[in-house]
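A quick write-up on the structure given underneath.
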Amino acid sequence: MSIEVNNESGVQVDEASLVALSRYIFEQLYIHPQAELSILLVDEPAMEKLHIELMDEPGATDVLSVPMDELTPGTPDRPTPQGMLGDIAICPQVAKVQAKNAGHALEDEMLLLTTHGILHLLGYDHAEPEEKEEMFGLQRELLTGFTGKEAPAETTQ
Numbered sequence: 004m005s006i007e008v009n010n011e012s013g014v015q016v017d018e019a020s021l022v023a024l025s026r027y028i029f030e031q032l033y034i035h036p037q038a039e040l041s042i043l044l045v046d047e048p049a050m051e052k053l054h055i056e057l058m059d060e061p062g063a064t065d066v067l068s069v070p071m072d073e074l075t076p077g078t079p080d081r082p083t084p085q086g087m088l089g090d091i092a093i094c095p096q097v098a099k100v101q102a103k104n105a106g107h108a109l110e111d112e113m114l115l116l117t118t119h120g121i122l123h124l125l126g127y128d129h130a131e132p133e134e135k136e137e138m139f140g141l142q143r144e145l146l147t148g149f150t151g152k153e154a155p156a157e158t159t160q
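Just so you know, the working numbering puts the end of the sequence shown at 160, numbered straight through with nothing missing.
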């Protein structure tokens with residue numbers, strides 16, 4: 004399993020916990036052990052640039068996902084094929100504000116955004132109420148399972 008974290012944000016982040024969480028999610032959703040994931044931590048100007056390029060929307064956002072091989076969750080009998088899951092860009096500066104507003108720690112917010120980003124890479128979305136219920140329910144389940152405590156409230160934009 005190749006999970007790479009590149010921190011260009013200027014904010015100290017527990018990168019090992021992001022990798023451990025990603026591995027946990029891969030195992031729980033039967034993602035091929037050789038699947039590849041890249042997590043890029045960027046500052047607000049870099050995130051705003053990505054947000055404009057990818058979504059044609061101004062301003063920095065919390066997390067962006069760029070799927071590569073359009074992988075979806077597997078099953079115990081049929082894990083996801085090997086491939087490039089994709090890239091996640093997270094802005095710790097935006098995450099800090101969201102964590103403060105939600106009343107939880109930055110680390111909890113970073114885990115939430117990492118989980119959210121991975122689920123987007125796997126084809127989950129939250130545009131429709133049913134999709135949101137499914138995605139956010141799975142997000143809470145994964146975070147609770149990984150941390151052993153109740154998942155933080157969703158703060159994603």
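We treat Cβ as the ideally placed atom computed from N, Cα and C, and that holds for glycine. No experiment lies behind these values; they were computed from the predicted model shown.
- Going by C-alpha positions, ILE42 is about 15 Å away from GLN96.
- THR117 and LYS99 have their alpha carbons spaced roughly 14 Å apart.
- A contact is defined here as three or more CB-CB pairs under 8 Å, and the region 82-92 meets this definition with respect to the region 28-47.
- If you compare the alpha carbons of LEU24, GLU73 and ALA154 with that of ALA108, the shortest gap goes to ALA154.
- Here GLY140 is exposed, its C-beta having fewer than 16 other C-beta atoms within 10 Å.
- In this model, MET50 and VAL8 are separated by some 16 Å (Cα to Cα).
- Counted as a single uninterrupted DSSP element, the beta strand (DSSP E) harbouring ALA92 occupies residues 87-93.
- Excluding five sequence positions before and after HIS123, the CB atoms of its chain that fall closer than 6 Å to its own CB belong to SER68, given in chain order.
- The beta carbon of THR78 lies closer than 8 Å to those of TYR33 in the same chain, with the five residues before and after it left out.
- Annotation: the region 69-155 contains the following complete segments of the beta strand (DSSP E) (minimum length 3 residues), in chain order: 87-93.
- Assigned with DSSP and collapsed to three states, GLU11 falls in coil, not helix or strand.
- DSSP, read as helix, strand or coil, puts VAL22 in helix.
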